[in-house]
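Here is the structure we will look at, set down as structure tokens.
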Amino acid sequence: MKTERETIAKQLLNLMTEFNERDAQSRRFGTDTLLYHSEIHLLAFLKDHPDFHPAEIARSLSLTRGAVSQTLARLEAKGFIRKRQDPECCRCVLLSLTEKGLTACGNHEEQHRRYEQLIAGILENEDEPRLDFLQGFLEQLRKNLL
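Going by UniProt numbering, the sequence shown opens with residue 1, and the numbers climb by one from there.
Quick look at the structure:
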């Protein structure tokens with residue numbers, strides 16, 4: 001027979017799995033084109049780091065240059081980014097988001113804000129000791145999982 005702790009652990013793992021599966025689904029993010037999980041997160045990274053070259057992106061995200069290059073090519077073909085030659089470095093490419101890319105990023109950010117508001121709403125009436133416990137639990141879980 002499972003203990004209450006084992007039941008809670010299983011519930012948490014199931015919730016994490018369900019959330020990851022839902023979050024990984026491709027979405028349009030307010031555009032006419034589907035974006036995969038890796039694509040929207042690369043767009044978000046580009047929005048926050050507009051001066052990064054593909055090699056810098058690969059290093060920062062711990063991805064291969066090939067994976068970044070392929071994803072950037074797909075994003076350009078879908079109309080989310082624009083590539084242009086860096087005038088200061090003939091071998092380098094400068095990347096920028098198109099209006100479509102900015103729209104997708106804005107909607108992606110809004111999705112994250114809704115998640116945060118949902119969680120904050122659930123926690124709104126909790127007292128400090130319970131919030132302190134939850135904060136400590138999450139920190140310990142993160143430290144041990146990553």
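Just so you know, even glycine gets a beta-carbon here, dropped at the ideal spot from N, CA and C.
Rounded C-alpha distance that separates residue i from residue j
{"i": "residue 17", "j": "residue 88", "result": "45 Å"}
{"i": "residue 139", "j": "residue 74", "result": "36 Å"}
{"i": "residue 54", "j": "residue 37", "result": "18 Å"}
{"i": "residue 110", "j": "residue 35", "result": "16 Å"}
{"i": "residue 9", "j": "residue 122", "result": "19 Å"}
{"i": "residue 60", "j": "residue 51", "result": "13 Å"}
{"i": "residue 124", "j": "residue 92", "result": "49 Å"}
Nearest residue (CA-CA) to residue i, options the options
{"i": "residue 145", "options": "5, 3, 13", "result": "13"}
{"i": "residue 63", "options": "76, 50, 93, 42", "result": "42"}
{"i": "residue 49", "options": "1, 105, 100", "result": "105"}
{"i": "residue 40", "options": "24, 137, 135, 141", "result": "24"}
{"i": "residue 94", "options": "115, 66, 72", "result": "72"}
{"i": "residue 19", "options": "126, 142, 115, 86", "result": "115"}
{"i": "residue 45", "options": "92, 70, 96, 3", "result": "96"}
Run of the alpha helix (DSSP H) containing residue i, from where it starts to where it stops
{"i": "residue 48", "result": "37-48"}
{"i": "residue 23", "result": "4-23"}
{"i": "residue 82", "result": "It is not in any alpha helix (DSSP H) - residue 82 instead sits in the beta strand (DSSP E) that spans 81-86."}
{"i": "residue 134", "result": "128-145"}
Cβ-Cβ distance between residue i and residue j below 7 Å
{"i": "residue 78", "j": "residue 33", "result": "yes"}
{"i": "residue 57", "j": "residue 68", "result": "yes"}
Item to complete: Say whether the region 21-40 touches the region 99-116, bearing in mind that this needs 3 or more beta-carbon pairs closer than 8 Å, one atom from each stretch.
Response: They touch, by the three-pair rule.
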